[in-house]
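Going by my numbering, the first residue of the sequence shown is number -14, and it counts up by one from there. Each residue gets a CB set at the ideal place from its N, CA and C atoms; glycine is no exception. Bear in mind the structure is a predicted one, so any value in this text is a computation, not a measurement. This report refers to the structure that appears directly beneath it.
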Amino acid sequence: MFQKLSIGCVILLLLLIGIQMLTQAVPSWLLQLILWVTIIVFIYYIFDKKRKNKR
């Protein structure tokens, strides 16, 4: 679940960065918010994966 969420966040972030580069229409706070959510979800996914491997 978190892997799909992380991939979705990365794709959304890349799309918004592309739109930002072309039109300057995306607010920087939105890019920062999605970046932080992506980082948090990815870190949680890594720790969850390590925890499952220990079992």
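Nearest-angstrom Cα distance between L(-10) and V26?
Distance between the alpha carbons of L(-10) and V26 is about 7 Å.
Which stretch, first to last residue, makes up the alpha helix (DSSP H) that contains V11?
In the DSSP annotation of this structure, V11 is not part of any alpha helix (DSSP H), being labelled neither H nor E.
Is the beta carbon of C(-6) less than 8 Å from the beta carbon of I19?
Yes.
Anyone know if the C-beta pair for I2 and A10 falls short of 8 Å?
A distance of 8 Å or more separates the beta carbons of I2 and A10.
Got a sec? Which residues, its chain only, sit under 8 Å from L(-2) by beta carbon, not counting five neighbours each side?
Closer than 8 Å at the Cβ level, and outside the excluded window around L(-2), lie L16, I19, L20 and T23.
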